Amino acid sequence: MSKEPSSSLSTTARATGSDTSSQAKGGSKLEKKQSIKQKYSFIPDNFSSLEQVTTALREAGLESSNLIVGIDFTKSNEWTGKVSFNNRSLHAIGDTPNPYEKAISIIGKTMAPFDEDNLIPCFGFGDATTHDQEVFSFHSDHSPCHGFEEVLACYKKIVPNLRLSGPTSYGPVIEAAIDIVEKSKGQYHVLLIIADGQVTRSVDTGDGEMSPQEEQTIKAIVDASAYPLSIILVGVGDGPWEDMKRFDDKIPAREFDNFQFVNFTAIMSKNATISEKETAFALAALMEIPLQYKAAVEFGIIGRSTGQAKKIVPRPPPVPYSRRPVLGREPTHVSSPVLDERTQACPICLTNGKDLAFACGHMTCRDCGSRVSSCPICRRPITSRIRLFA
């Protein structure tokens, strides 16, 4: 009789001890994860030479990685080359390589050695077929490009066929990259986004608030931190880039700091030789990769599939289009050309209504119109702005 309580107490003690041990282990794991998360929540720029970066990559165990490329085809590319590209569209194809062609070529020279198989999935976003919701693949069968030479060849072939549009969001291309990492069973990847500007922010977005495109982009960056994926945004054109610098250092709730912004225009405008500029660009782009890879290793996300990634089916590349000929004047109930013009969306953000007119007669929304110095339609310098009210 006396043994039963003793047995019961013993069992209870063992159970309690087991529970305590489990809680201790669980707490230990949680504390370790929090410690790692805090350690890599902000990754500073630690290196001063490309050799230091490549040495750090080898020491971290990263001999090679897999590259993914995303290219921005939003309409703002038509005017953000005013200073840096002689007032031409950043996507203009001609005798002189445009900033995107230059960036692709230099990235190919400096970063291709870090690509394991030379197979590069390439996506476009922000054109009239994808807007801020989808991406298109550079190949109809969604196959990757073989090396940066093919990336450049496909880019030149695609540009004449598409219509630049918007709004700007990096969310869809980041989601496409996450899907690729998931399908590779957690191999380490680097996503290179080449873009001309920051994420769309409407005039209706108040201080302290975020636009839908900002929310989508930040969510995608946070989601990507659960995968072995580094994101490098390469900025071409005139900018502005203030928000991208904020994105780089102040996105909360990430497993690790997985986002790096590189101002390509600023680097390439330095008074230095081409070789020195290319080295400076490679250094800036790869600066945070060693610690980002180390963070992915310590978090245990290398070689792991979550089964939770959004399945992405890219659109095919845009096909040539032609405007429908106007055979006759269609009747309209809008008598004023200004009223007819105002029924359309702003040609810059493609979201807000037109409520600001320039001396040339073209219109934009007040938010976009206050930030440009030349008309996005006719390229004339803006000498006056007239606010329109409904």
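One rule links them: number in the working numbering = place in the sequence shown (from 1) + 522. Here a beta-carbon is modelled for each residue, glycine too, at the ideal position from N, C-alpha and C. The structure presented is a predicted model; accordingly, all values stated were derived computationally and were not measured.
Worksheet item: Cα separation between residue 910 and residue 670?
Response: Here residue 910 corresponds to residue number 388 of the sequence shown, with the count starting at 1. Here residue 670 corresponds to residue number 148 of the sequence shown, with the count starting at 1. Going from the Cα of residue 910 to the Cα of residue 670 covers about 47 Å.
Practice prompt. Report the residue from 741, 624, 722, 742 whose alpha carbon sits nearest the alpha carbon of residue 733.
Written response: The residue you call residue 733 lines up with position 211 of the sequence shown. Of the listed residues, the one whose Cα sits closest to residue 733 is 722.
Worksheet item: Are residue 812 and residue 578 touching if we call contact CB-CB under 7 Å?
Response: Walking along the sequence shown from the start, residue 812 turns up at place 290. Walking along the sequence shown from the start, residue 578 turns up at place 56. Closer than 7 Å, so yes.
Worksheet item: Which two residues bound the contiguous alpha helix (DSSP H) that contains residue 675?
Response: Reading the sequence shown from its first residue, position 153 is the one you call residue 675. Run containing residue 675: 669–680, per the alpha helix (DSSP H) assignment.
Discussion item. For a test of the three-state rule: what should DSSP assign to residue 867, helix, strand or coil?
Written reply: As a working mapping, residue 867 is identified with position 345 in the sequence shown. Annotated three-state conformation of residue 867 is strand, per DSSP.
Item to complete: Quick one: grab the DSSP three-state call for residue 564.
Response: As a first step, residue 564 is located in the sequence shown; it is residue number 42 there, counting from the start. With a pLDDT of only 47 at residue 564, under 50, the local geometry of the prediction cannot be trusted, and no value is derived from it.
Fill in: Classification of residue 687 by the beta-carbon crowding that lies within 10 angstroms, buried from 16 upward
Here residue 687 corresponds to residue number 165 of the sequence shown, with the count starting at 1. Flag for residue 687 reads buried.
Item to complete: Taking residue 703 as part of the beta strand (DSSP E), name the residues at either end of that continuous run.
Response: Within the sequence shown, numbered from 1, the residue matching residue 703 stands at position 181. No beta strand (DSSP E) contains residue 703, which is instead part of the alpha helix (DSSP H) from 693–705.
Worksheet item: What is the DSSP secondary structure of residue 802, reduced to helix, strand or coil?
Response: Along the sequence shown, read from residue 1 onward, the residue named residue 802 stands at position 280. DSSP places residue 802 in helix when its eight states are reduced to three.
Worksheet item: When the distance is taken between beta carbons, is residue 815 closer than 7 Å to residue 584?
Response: Taking the sequence shown and counting its residues from 1, the one referred to as residue 584 is at position 62. Taking the sequence shown and counting its residues from 1, the one referred to as residue 815 is at position 293. In this structure, residue 584 places its C-beta atom within 7 Å of the C-beta atom of residue 815.
Item to complete: Consult DSSP for residue 580 and reduce its assignment to one of helix, strand or coil.
Response: Walking along the sequence shown from the start, residue 580 turns up at place 58. Residue state, collapsed to three classes: helix.
Practice prompt. Write down the C-beta distance between residue 602 and residue 612 rounded to the nearest angstrom, noting that I regard them as a contact closer than 8 Å.
Written response: Taking the first residue of the sequence shown as 1, we reach residue 602 at position 80. Taking the first residue of the sequence shown as 1, we reach residue 612 at position 90. Between residue 602 and residue 612 a beta carbon distance of about 6 Å is seen, short of the 8 Å cut, so the two are scored as contacting.
Worksheet item: Among 694, 606, 570, which has the Cα closest to the Cα of residue 593?
Response: Taking the first residue of the sequence shown as 1, we reach residue 593 at position 71. The shortest C-alpha separation from residue 593 is found at 694.
Worksheet item: Looking at the structure shown, is residue 830 part of a helix, part of a strand, or coil, going by DSSP?
Response: Position 308 of the sequence shown, counting from 1, holds the residue named residue 830. Coil, per DSSP.
Worksheet item: Under 7 Å, do residue 614 and residue 620 count as touching if we go by C-beta distance?
Response: In the sequence shown, counting from the first residue as 1, residue 614 sits at position 92. In the sequence shown, counting from the first residue as 1, residue 620 sits at position 98. With a cutoff of 7 Å on beta-carbon distance, residue 614 and residue 620 are scored as near each other.
Fill in: Close beta carbons around residue 805, own chain, < 6 Å, minus the five adjacent residues each side
Here residue 805 refers to the residue found at position 283 when the sequence shown is read from its first residue. Excluding positions up to five away in sequence, the list reads 572.
Item to complete: Have a look at 581, 599, 840 and flag the residue whose alpha-carbon is nearest the alpha-carbon of residue 719.
Response: Reading the sequence shown from its first residue, position 197 is the one you call residue 719. The residue from 581, 599, 840 with its alpha-carbon nearest to that of residue 719 is 599.
Fill in: residue 570 burial status per 10 Å Cβ neighbour count (16 or more: buried)
On the sequence shown, position 48 is the one that residue 570 refers to. By the 10 Å Cβ count, residue 570 comes out exposed.
Worksheet item: If you drop the 5 nearest sequence neighbours on each side, which residues of the same chain put their C-beta closer than 7 Å to that of residue 766?
Response: Here residue 766 is taken as the residue at index 244 of the sequence shown, counted from 1. The residues are 720, 755, 757, 783.
Practice prompt. Determine which residues share a DSSP beta bridge with residue 596 and list them.
Written response: For the purposes of this step, residue 596 is taken as residue 74 along the sequence shown, with counting starting at 1. Bridge partners of residue 596: 687.
Discussion item. Tell me whether residue 579, by its Cβ, gets closer than 6 Å to a heavy atom of the ligand GTP.
Written reply: With respect to small molecules bound, the structure shown includes none, and the ligand GTP cannot be examined in it.
Worksheet item: Straight-line CA distance for residue 729 to residue 715?
Response: Start at 1 with the first residue of the sequence shown, and residue 729 comes out as number 207. Start at 1 with the first residue of the sequence shown, and residue 715 comes out as number 193. When rounded, the distance between both Cα atoms is 27 Å.
Worksheet item: Would DSSP call residue 882 helix, strand or coil?
Response: Walking along the sequence shown from the start, residue 882 turns up at place 360. Note: residue 882 maps to coil in three-state DSSP.
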